[in-house]
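So in the working numbering, spot 26 of the sequence shown is number 26, and the numbers just go up one at a time.
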Amino acid sequence: MTDKTKGFILGAIAAATYGTNPLFAIPLYADGMDVSSVLFLRYSFAVPMIWVMMAMRGRTPKIAPRKLPMLVVMGVMLALSSIGLFTSYNYMDSSVASTLLFVYPVMVALIMTMVYKERLSGVTIGCIGVVLCGIALLNRTVSGVSLSVMGIMLVMLSSLTYAIYIVGINRPVLKEMPTLTVTFYVLIIGALIFGGMLLHEGQILLPRHWYFWGNILALAVLPTIVSFACTTSAIQYIGPTPTAILGALEPVVAVIFGITVFGDVLTLRQVFGIFLILAAVTVIIGGGNITRPLTRFRHLFPRLHRR
């Protein structure tokens, strides 16, 4: 199996597992927990699991001091992304929130263009416009009420900080670090941030029913350990933009759970908006020449590349 194939598989796994966030988080809210408590327990459960995985592989969390500042920045970005997304569930349906989150591949493309001087193609610019149209179509619920401005702002914050994380994790200072080591430190930083939030709030809310501890464990394993570790590995194999594009599976998974488990109802207008967002961001991979990894991905499709 080639490195590119491994990267695509890992990216798909990362996206699909990240899409399970609302499946496990929303029932915890219904059980009386708040965002800070859920995220603190999610990250705190994940840290010792990662440590055990590292120990089983004979690795230690020792790192060069020069790498720590960048790890702190990445931990802060990922924590902010989690806060934005998990809080947005209180303002809009999880399926809509997860679809809005999918604008982060566009943000990745813009960051790569503005910061790292990658060329932004006409196709990519057009796709950004289509994404904005899709977001506009999502702006009304089944009852005709506009989506919460606060909810949209929270998802955009989550999307932007996640995009910064995806780009940053591919920088030379972290690119060669073992995946588990990066994930370990990022989760520690996040746990410390959420712990600080709880100290400020003065309390931690625990599940009132014993079986909801299973939701905490599932959040720690699937959208945290599995998703973050696979994301880091995929970026190291194929780069940030293709990994971000594979995030199309995130809203698909979240929408399926939102409809089948939480009873979310989507109008035809919203379905078309979701389609525009997914289609536009996916087209970027076929029509844009954003990064060298993206160009290599296009070579897998000779006909498309010749166009």
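C-beta: ideal position from N, C-alpha, C; glycine also.
Buried versus exposed, by CB contacts within 10 Å (16 or more), residue i
i: residue 102; result: buried
i: residue 52; result: exposed
i: residue 64; result: exposed
i: residue 3; result: exposed
i: residue 56; result: exposed
i: residue 176; result: exposed
i: residue 42; result: buried
i: residue 118; result: buried
i: residue 125; result: exposed
i: residue 179; result: buried
i: residue 13; result: buried
i: residue 69; result: exposed
i: residue 114; result: exposed
i: residue 268; result: exposed
i: residue 40; result: buried
i: residue 257; result: buried
i: residue 191; result: buried
i: residue 38; result: buried
i: residue 275; result: exposed
i: residue 20; result: buried
Integer Cβ distance of residue i from residue j, believed to fall under 8 Å
i: residue 33; j: residue 223; result: Not confirmed; about 16 Å, so no contact.
i: residue 204; j: residue 46; result: Not quite, the Cβ-Cβ distance comes to about 17 Å (not below 8 Å), so this is no contact.
i: residue 88; j: residue 158; result: 7 Å
i: residue 137; j: residue 273; result: 3 Å
i: residue 16; j: residue 198; result: Not really, about 30 Å apart at Cβ, beyond 8 Å.
i: residue 310; j: residue 11; result: Since the first and last residues shown for the chain are 1 and 307, residue 310 lies out of range.
i: residue 161; j: residue 81; result: 4 Å
i: residue 92; j: residue 148; result: 6 Å
i: residue 100; j: residue 186; result: The Cβ separation is near 23 Å, so there is no contact.
Bounding residues of the alpha helix (DSSP H) (the contiguous stretch that carries residue i)
i: residue 213; result: 213-220
i: residue 35; result: 35-56
i: residue 167; result: 149-168
i: residue 7; result: 3-18
i: residue 177; result: Run containing residue 177: none; DSSP gives neither H nor E here.
i: residue 203; result: Where residue 203 is concerned, there is no enclosing alpha helix (DSSP H), given that its DSSP letter is neither H nor E.
i: residue 242; result: 240-245
i: residue 24; result: 21-30
i: residue 225; result: Here residue 225 belongs to no alpha helix (DSSP H), and DSSP marks it neither H nor E.
i: residue 255; result: 249-260
* Ignoring anything shorter than 4 residues or poking outside the stretch 84-138, list the alpha helix (DSSP H) runs there in chain order. => Runs of the alpha helix (DSSP H) inside the stretch 84-138: 94-101, 104-114, 122-137.
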